[in-house]
Amino acid sequence: MSSSFRLPHGWHPTIIITQIIALQCLHYLVLSLIIPPLLFLFANPYALAYEGGAANVGMVMDWREMVGRATLREVRGRGWSGFSSSGAWSGGVKLGGDAGQEEAWVDPVRSWLISICWLVASTVDVYFLYILVRRPTHILDFALTLILNHTILTTYYARSLPTSLFFWLIMALGAVISVVGAEQLCVKREMREGIEMAGEEQEEVELERRD
């Protein structure tokens, strides 16, 4: 029998917004479950304590943690004033800007762990997209919306735009994993349901002929 759960066709803003919020929350939930234990086990404990500990919300929401950049803002000023002198960071290596004492607290291992956790969460998103979105033609839109929302939130949290190529590479790779995996599963489900529906219709036609 075909699946009894079907999303209504057409434009339904309430459903779309609910799906976006649910997907975003589930993605962050997965990150919050896997990042703290891994950081506690493998990251530099002194640098981790300086940044607020493994359970600090910044480990999920601050893009600078992913790229291995120090998060100390007071050295260069408050708010957005330090953006121009922040330089670019990639994988825990500073590519530009002035060097400072805050680099002593940078832990490349923490950067890689958070990046790997993001990719793991993106892999889990395949299942969430498969269950929540269902339609293969909408998978790309929802996956990119998740990245856009995270970019907005992490920019607000860090008070600076992501300037690291490493950050954008991880975002792109995570989106590819989510889109390719979820689309494949959704297409297979639609094909399976289509075959089942065709078989049921054929059975109904045969029963009508017998009657």
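Here the sequence shown is numbered in this note's numbering, starting from -9 and rising by one per residue.
Glycine included, C-beta positions come from ideal geometry on N, C-alpha and C.
Distance, residue j Cα to residue i Cα
i	j	result
Phe(-5)	Ile10	Residue confidence for Phe(-5) is low, a pLDDT of 45 falling below 50, so the modelled location carries little weight; the figure read from the coordinates is stated next. Whole-angstrom Cα-Cα distance: 19 Å.
Arg124	Leu23	25 Å
Leu31	Gly42	15 Å
Arg66	Phe118	Here Arg66 scores only 43 on pLDDT, less than 50, and its place in the model should not be relied on; the value that follows carries that caveat. Taking the straight line from one Cα to the other gives about 41 Å.
Arg149	Thr141	11 Å
Met181	Leu175	10 Å
Leu138	Thr145	11 Å
Trp108	Arg100	12 Å
Ile7	Ala39	37 Å
Outcome for residue i when other beta-carbon atoms lying within 10 angstroms are tallied against a minimum of 16
i	result
Thr153	buried
Pro27	exposed
Ala172	buried
His17	buried
Ser(-7)	With a pLDDT of 44 at Ser(-7), under the threshold of 50, the modelled position of this residue cannot be trusted, and the question is left open.
Leu151	exposed
Whole-number beta carbon distance between residue j and residue i, since they are thought to touch under 8 Å
i	j	result
Met56	Ile25	Actually they do not touch by this definition, with Cβ atoms about 10 Å apart.
Glu60	Val96	Looking at the sequence provided, one finds Ala at residue 60 rather than Glu. Contact flag correct, Cβ pair sits at about 5 Å.
Bounding residues of the alpha helix (DSSP H) (the contiguous stretch that carries residue i)
i	result
Ala55	The sequence shown places Glu at residue 55, rather than the Ala named in the question. Start and end: 53 to 57.
His128	126 to 148
His17	3 to 32
Thr113	98 to 122
Ala39	35 to 40
CB contact below 8 Å: residue i versus chain B
i	result
Asp115	Annotation note: the requested chain B is absent from the structure, which comprises a single protein chain.
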